[in-house]
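Remarks on the structure that follows.
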Amino acid sequence: MSGELTLLRMLEYILFYFILNLGLALTTEVTAGMAFISKYNGMAVDLESKMYTIDVAVTMSLCLSPRHSTFVASQVPLDKCVDHLQSAVSGLNRGLAASEDDLKKADEAAKELESCAGAVDLAADLDKLQGKWKLIYSSAFSSRTLGGSRPGPPTGRLLPITLGQVFQRIDVLSKDFDNIVELELGAPWPFPPIEATATLAHKFELIGSSTIKIKFEKTTVKTTGNLSQLPLLEVPRIPDQFRQQSNPGSGEFEVTYIDSDTRVTRGDKGELRVFVIS
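Start counting the sequence shown at 25; every next residue gets the next number (the numbering used here).
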């Protein structure tokens, strides 16, 4: 039992740091300067006076801003435009392996698709958002950090974190909007890696015809694999006094294309994200 408690405390420390950096990379940001000293089995981490961006990720990234393109309707068949975009982002490890040329090709393919399909009108059919969507590409991940366009630890350094699948689960009736991130966290010898799933819960509302406004509620983490018996962990919420008054954990993003299988969004820092229904 003491070994399980040690692992749980270690997991809480690692995930608190991770969520501060990746968490809101998939949704919006709230920058905080705060002191956080954590001691677990002789380990002390002092994060005093460091600026962090919170509230996603991943996700990640994990979508916020107006459409960038102003194209005349394309004559290319719509299904060909969808195939072109999915082909452009395939093999890029969700954007983590994307070069500058890859980013350019993906953005051009997305603009072509947006031009093919025309304006999105979710007010007429909000049910299109319903479901669990898997992230297959985020231009923000090309930064090689888990925070995407926002501050975050480099992959494979500082913290031994392996990013697994990233999902968005949307319920149009309850207005729930959850970012779900699968993680593998390295642990000190002789402990095995810790597998966990972090869920960043939000509520959403439709603004206009294609803009989604989300408001962060909480982050929970559940260990999986060999440690699946450990209880659900709720990550502490950043106190309001450390949040920007202009952005108390909410944000907006635009859906620029959607059908029954594919969804494209654009974010406030220029992030292009592509999802497929899971």
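A virtual CB, placed ideally from N, CA and C, is assigned to each residue, including glycine.
Query, Result
"Would you tell me roughly how many angstroms separate the C-alpha atoms of Asn-117 and Asp-126, rounded to the nearest one?", "12 angstroms"
"Should Ala-122 go down as buried or exposed, given a rule of 16 or more other Cβ atoms within 10 Å for buried?", "buried"
"Who are the Cβ neighbours of Ile-236 in its own chain at under 7 angstroms, not counting the five residues just before and after it?", "Phe-228, Leu-230, Glu-276, Phe-277, Val-279"
"Taking just the CA atoms, how far does Gly-294 sit from Ala-130?", "13 angstroms"
"Near Val-196, which residues of its chain fall below 7 angstroms by C-beta distance, leaving aside the five closest residues on each side in sequence?", "Leu-150, Asp-151, Leu-153, Gln-154"
"How is Ser-162 classed by DSSP in three states: helix, strand or coil?", "strand"
"Quick one: is Ala-148 buried, meaning 16 or more other Cβ sit within 10 Å of its Cβ, or exposed?", "exposed"
"What are the partner residues of Lys-156, as DSSP defines its beta bridges?", "Arg-193"
"Cβ atoms of Ile-204 and Leu-224: under 9 angstroms apart, would you say?", "yes"
"Taking the straight line between their C-alpha atoms, what separation do you get for Phe-191 and Phe-165?", "15 angstroms"
"What separation, rounded to the nearest whole angstrom, lies between the Cα atoms of Leu-209 and Gln-253?", "17 angstroms"
"Compare the beta carbon distance of Phe-120 and Val-288 with 9 angstroms and say whether it is the shorter of the two.", "For the record, residue 120 in the displayed sequence is Leu; it is not Phe. Going by C-beta atoms, Leu-120 is not nearer than 9 angstroms to Val-288."
"With distances taken Cα to Cα, identify the nearest neighbour of Trp-213 among Glu-124, Pro-184, Phe-201.", "Pro-184"
"Mind checking which residues open and close the alpha helix (DSSP H) that includes Glu-295?", "Unbroken run through Glu-295: none, as it is neither H nor E."
"Could you give the DSSP three-state label for Lys-129: helix, strand or coil?", "helix"
"On the CB-based measure, 16 or more other CB atoms within 10 Å of its CB, does Asn-45 come out buried or exposed?", "Only weak support is given to the placement of Asn-45: the predicted model assigns it a pLDDT of 46, under 50, and the question is left unresolved by the model."
"Below 7 angstroms CB to CB, which residues in the same chain sit around Pro-263 once its five sequence neighbours on both sides are set aside?", "none"
"Excluding the 5 residues flanking Trp-157 on each side, which residues of the same chain have their C-beta closer than 8 angstroms to its C-beta?", "Phe-191, Gln-192, Arg-193, Ile-194, Arg-287, Phe-299, Val-300, Ile-301, Ser-302"
"Quick check on DSSP: helix, strand or coil for Val-245?", "strand"
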